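K.L.:
Just dropping this structure here.
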Amino acid sequence: MLKKNLILIALTLILAFVPLIVLKNAKFEGADGLAEEAVLAIDPEYVPWFEPMIELPSGEVESLLFSLQAAIGAGVAGFILGRMTAGKKEVDSSARKG
Amino acid sequence: MYTKTAKIAIVLSSAAALVLLAAAPSGAMHIMEGFLPPLWALGWGLISLPFLVAGYFSIKRQVEVSHKYLVLIAMCGAFAFVMSSLKIPSLTGSSSHPTGVGLGAILFGPSAMAIIGIIVLLFQAFFLAHGGLTTLGANVFSMGIAGPMVSFLVYQLMKQLKVKSSTAVFLSVFSGNMMTYIVTATQLALAHPTNGDVMTSLIKFLGIFALTQIPLAISEGLVSVVVFSVLEKYNSEALKALKVIA
Numbered sequence: 003m004l005k006k007n008l009i010l011i012a013l014t015l016i017l018a019f020v021p022l023i024v025l026k027n028a029k030f031e032g033a034d035g036l037a038e039e040a041v042l043a044i045d046p047e048y049v050p051w052f053e054p055m056i057e058l059p060s061g062e063v064e065s066l067l068f069s070l071q072a073a074i075g076a077g078v079a080g081f082i083l084g085r086m087t088a089g090k091k092e093v094d095s096s097a098r099k100g
Numbered sequence: 274m275y276t277k278t279a280k281i282a283i284v285l286s287s288a289a290a291l292v293l294l295a296a297a298p299s300g301a302m303h304i305m306e307g308f309l310p311p312l313w314a315l316g317w318g319l320i321s322l323p324f325l326v327a328g329y330f331s332i333k334r335q336v337e338v339s340h341k342y343l344v345l346i347a348m349c350g351a352f353a354f355v356m357s358s359l360k361i362p363s364l365t366g367s368s369s370h371p372t373g374v375g376l377g378a379i380l381f382g383p384s385a386m387a388i389i390g391i392i393v394l395l396f397q398a399f400f401l402a403h404g405g406l407t408t409l410g411a412n413v414f415s416m417g418i419a420g421p422m423v424s425f426l427v428y429q430l431m432k433q434l435k436v437k438s439s440t441a442v443f444l445s446v447f448s449g450n451m452m453t454y455i456v457t458a459t460q461l462a463l464a465h466p467t468n469g470d471v472m473t474s475l476i477k478f479l480g481i482f483a484l485t486q487i488p489l490a491i492s493e494g495l496v497s498v499v500v501f502s503v504l505e506k507y508n509s510e511a512l513k514a515l516k517v518i519a
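Each protein sequence line maps, in turn, to chains E and G.
Quick note on our numbering: the first sequence kicks off at 3 and runs consecutively.
Quick note on our numbering: the second sequence kicks off at 274 and runs consecutively.
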């Protein structure tokens, strides 16, 4: 199972990194930014009627917050999966200790 | 299956949504703040409302059955948190986020994912200026409702066809992810037709969102298969109790 999972993860990493290598001149702008441009191209008079509640000062801060989101999620998921995969041994030994 | 209170709440919120929608005149990333005109923003919010209500009761009911489900739901939520935070480059030259809700939809059903979805969306709208509060309803519908629904239904179909679980998980998650972005493209096209023509806009938005999403949907499918296989190995009782595996 481990081997199969490692292959799947490797495939995922390849899928994610090949574009960076193959498309050297692409900017990899977010699709939502492109959609914003597309809306304004279709409807030049459209004015967004609401602004985001906060204005992020820079791309660096945005990266921080996305990393934070990933870290929180990964931390919780890792903790739960860790307990799940270690579960049986701990349950057995704590049952024996009484 | 649902308690009487839950049923009444679901019916009432559906009715309210339908009544208000009937009264209103009609014209991939998540839709950005302010980019859906107020009526559309409100409309999608109303459509999503009954699903959110159903999702709340669905989670409540499943957690009441077993405390272990709460942990598993938390894990699905955490998985969605991680997946949707990753901006991954695509072969089209742009980048986008996976949704991360497919796995949870397979395990806990689509309505539970509406709640998980709105939590992720609120986090991103508040802290990251990604997505938006006015577009919350639309984004919940695409990411928390339509996508998970497709994931769930495809998985059920695969289960009926006795397809191997890893293949089933992959196809379900892939389809759900694609559906989310197809719906997003549709929502934008409906709100911003090109000279009155929705189809032209739809093709344009599909090109931006859906095409970019294909490699990402594959990636999300692969990662979901990995996580699912771990769950299958170490928590098969829960999966069997949830009727996910035989």
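Just so you know, even glycine gets a beta-carbon here, dropped at the ideal spot from N, CA and C.
Please read these numbers as outputs of a predicted model, since none were measured by experiment.
Would you identify the three-state DSSP class for Val361/G, choosing helix, strand or coil?
P.N.:
Locating residue 361/G in the second sequence gives position 88, where the first residue counts as 1. Per the sequence shown, residue 361/G should be read as Ile rather than Val. Note: Ile361/G maps to strand in three-state DSSP.
K.L.:
Around the C-beta of Asn508/G, are 16 or more other C-beta atoms found within 10 angstroms, so that it is buried, or is it exposed?
P.N.:
If you number the second sequence from 1, residue 508/G lands on position 235. Flag for Asn508/G reads buried.
K.L.:
What do you reckon, are the CB atoms on Pro268/G and Ile283/G nearer than 9 Å?
P.N.:
With chain G running from 274 to 519 in the structure shown, residue 268/G is simply not present.
K.L.:
Could you work out which residues of chain G lie near Glu57/E, taking near to mean beta carbons separated by less than 9 Å?
P.N.:
Within the first sequence, numbered from 1, the residue matching residue 57/E stands at position 55. Ala402, listed in chain order.
K.L.:
Between Ala398/G, Lys333/G, Ile389/G, Val336/G, which has its C-alpha nearest Pro421/G's C-alpha?
P.N.:
Taking the first residue of the second sequence as position 1, residue 421/G is located at position 148. Nearest C-alpha to Pro421/G: Ile389/G.
K.L.:
Alpha carbon to alpha carbon, what distance is there between Lys437/G and Leu430/G?
P.N.:
Along the second sequence, one-based indexing puts residue 430/G at 157. Along the second sequence, one-based indexing puts residue 437/G at 164. The alpha-carbon atoms of Leu430/G and Lys437/G are separated by roughly 12 Å.
K.L.:
Could one say the Cβ of Lys6/E lies closer than 9 Å to chain G's Cβ atoms, at least one of them?
P.N.:
Residue numbering aside, residue 6/E sits at position 4 when the first sequence is read from its first letter. Yes, Lys6/E counts as interfacial toward chain G.
K.L.:
In chain order, which alpha helix (DSSP H) runs of at least 4 residues are fully inside the region 422-464 of chain G?
P.N.:
Complete alpha helix (DSSP H) runs here, min 4: 438-464.
K.L.:
Within 9 Å of any Cβ in chain G, is that where the Cβ of Gly32/E sits?
P.N.:
Along the first sequence, one-based indexing puts residue 32/E at 30. Closer than 9 Å to some Cβ of chain G, the Cβ of Gly32/E qualifies, so yes.
K.L.:
Using a C-beta cutoff of 9 Å, does Gly75/E count as contacting chain G?
P.N.:
Taking the first residue of the first sequence as position 1, residue 75/E is located at position 73. So, interface residue.
K.L.:
Is Val436/G close to the ligand MN? I mean its beta-carbon at under 8 Å from any heavy atom of the ligand.
P.N.:
The ligand MN is not part of this structure, which contains no ligands at all.
K.L.:
Does any residue of chain E bring its CB to less than 9 Å from the CB of Leu495/G?
P.N.:
Working through the second sequence from its first residue, we reach residue 495/G at position 222. True, the Cβ-Cβ gap to chain E drops below 9 Å.
K.L.:
Are three or more beta carbon pairs between the region 403-423 of chain G and the region 35-54 of chain E nearer than 8 Å?
P.N.:
Contact holds: three or more Cβ-Cβ distances are below 8 Å.
K.L.:
Just the Cα atoms here: how many angstroms apart are Ala33/E and Leu504/G?
P.N.:
Here residue 33/E is taken as the residue at index 31 of the first sequence, counted from 1. Here residue 504/G is taken as the residue at index 231 of the second sequence, counted from 1. Ala33/E and Leu504/G: Cα-Cα distance of roughly 32 Å.
K.L.:
Mapping DSSP to helix, strand and coil, what is Ser367/G?
P.N.:
For this step, residue 367/G is matched to residue 94 along the second sequence. The answer is coil: DSSP assigns Ser367/G none of H, G, I, E or B.
K.L.:
Using a Cβ distance threshold of 8 Å, determine whether the region 471-480 of chain G contacts the region 314-322 of chain G, with at least three qualifying pairs required.
P.N.:
They do not touch, by the three-pair rule.
K.L.:
At what residues does the alpha helix (DSSP H) containing Asp34/E begin and finish?
P.N.:
Taking the first residue of the first sequence as 1, we reach residue 34/E at position 32. Counting along the chain, the alpha helix (DSSP H) containing Asp34/E begins and ends at 33-44.
K.L.:
Which of the residues in the region 307-327 of chain G, read from start to end, lie with their CB under 8 Å from any CB of chain E?
P.N.:
Listed by position, the residues of the region 307-327 of chain G near chain E (Cβ gap below 8 Å) are Gly307, Phe308, Pro310, Pro311.
K.L.:
Between Ile437/G and chain E, is the shortest Cβ-Cβ distance under 9 Å, so that the two count as touching?
P.N.:
Counting from one through the second sequence, the residue named residue 437/G turns up at place 164. Contrary to the premise, residue 437/G reads as Lys rather than Ile in this sequence. Judged by the 9 Å Cβ criterion, Lys437/G is not in contact with chain E.
K.L.:
Candidates Leu512/G, Lys513/G, Leu515/G, Val500/G: which alpha carbon is nearest Met3/E's?
P.N.:
The residue you call residue 3/E lines up with position 1 of the first sequence. Among Leu512/G, Lys513/G, Leu515/G, Val500/G, the Cα nearest to that of Met3/E belongs to Val500/G.
K.L.:
Should Glu306/G go down as buried or exposed, given a rule of 16 or more other Cβ atoms within 10 Å for buried?
P.N.:
For the purposes of this step, residue 306/G is taken as the residue at position 33 of the second sequence. Per the 10 Å Cβ criterion, buried.
K.L.:
Closest to Ala527/G by CA distance: which of Phe482/G, Phe399/G, Phe352/G is it?
P.N.:
Limits of chain G in this structure are 274 at one end and 519 at the other, which puts residue 527/G out of reach.
K.L.:
With distances taken Cα to Cα, identify the nearest neighbour of Ser424/G among Ile392/G, Phe308/G, Ser497/G.
P.N.:
Counting from 1 along the second sequence, the entry for residue 424/G is found at position 151. When each option's Cα is compared against that of Ser424/G, the closest is Ser497/G.
K.L.:
Terminal residues of the continuous alpha helix (DSSP H) containing Ala412/G?
P.N.:
Locating residue 412/G in the second sequence gives position 139, counting from the first residue. According to the sequence shown, residue 412/G is Asn rather than Ala. Looking at the DSSP string, the run of the alpha helix (DSSP H) that includes Asn412/G is 409-412.
K.L.:
Nearest chain G C-beta to Glu62/E closer than 9 Å, yes or no?
P.N.:
The residue you call residue 62/E lines up with position 60 of the first sequence. Not one chain G Cβ lies under 9 Å of Glu62/E.
K.L.:
Would you tell me roughly how many angstroms separate the C-alpha atoms of Phe308/G and Gln433/G, rounded to the nearest one?
P.N.:
By 1-based counting over the second sequence, the position of residue 308/G is 35. By 1-based counting over the second sequence, the position of residue 433/G is 160. Between Phe308/G and Gln433/G, the C-alpha separation is close to 41 Å.
K.L.:
Secondary structure at Thr276/G, three-state DSSP: helix, strand or coil?
P.N.:
Against the second sequence, residue 276/G aligns to sequence position 3. Three-state DSSP puts Thr276/G in coil, outside helix and strand.
K.L.:
Drop a sphere of 10 angstroms on the beta-carbon of Glu493/G, count the other beta-carbons inside from all chains shown, and report buried for 16 or more, exposed for fewer.
P.N.:
Translated into positions along the second sequence, residue 493/G becomes position 220. Result: buried.
K.L.:
Of the residues that make up the region 362-386 of chain G, which ones have a beta carbon closer than 7 Å to any beta carbon in chain E?
P.N.:
Under the 7 Å Cβ criterion, the region 362-386 of chain G contributes Pro362, Ser363, Leu364, Gly366, Ser367, Ser368, Ser369.
K.L.:
List the endpoints of the continuous alpha helix (DSSP H) containing Lys333/G.
P.N.:
Taking the first residue of the second sequence as position 1, residue 333/G is located at position 60. Taken as a continuous stretch (DSSP letters only), the alpha helix (DSSP H) holding Lys333/G covers 311-338.
K.L.:
In chain C, which residues lie less than 8 Å from Glu38/E when you measure between Cβ atoms?
P.N.:
The chain labelled as chain C is not found among the protein chains of the depicted structure, namely E and G.
K.L.:
In the DSSP assignment, what residue or residues form a beta bridge with Thr467/G?
P.N.:
By one-based count along the second sequence, residue 467/G stands at place 194. DSSP, once it has assigned bridges, lists Asp470/G as partnering Thr467/G.
K.L.:
Take Ala341/G as the anchor and find which of Phe381/G, Thr278/G, Ser357/G, Val413/G has the nearest alpha-carbon.
P.N.:
As a first step, residue 341/G must be located in the second sequence, where it is residue number 68. In the sequence on display, residue 341/G carries Lys and not Ala. For Lys341/G, the nearest C-alpha among the options comes from Phe381/G.
K.L.:
What three-state label does DSSP hand Ile56/E in the structure shown?
P.N.:
Position 54 of the first sequence holds residue 56/E. DSSP places Ile56/E in coil when its eight states are reduced to three.
K.L.:
Which residue from Val517/G, Leu479/G, Ile391/G puts its Cα closest to that of Gly328/G?
P.N.:
Locating residue 328/G in the second sequence gives position 55, where the first residue counts as 1. Minimum Cα distance to Gly328/G is reached at Ile391/G.
K.L.:
Under 9 Å, do Pro21/E and Leu426/G count as touching if we go by C-beta distance?
P.N.:
As a first step, residue 21/E must be located in the first sequence, where it is residue number 19. As a first step, residue 426/G must be located in the second sequence, where it is residue number 153. It is not a contact, given that the beta carbons lie outside the stated cut-off.
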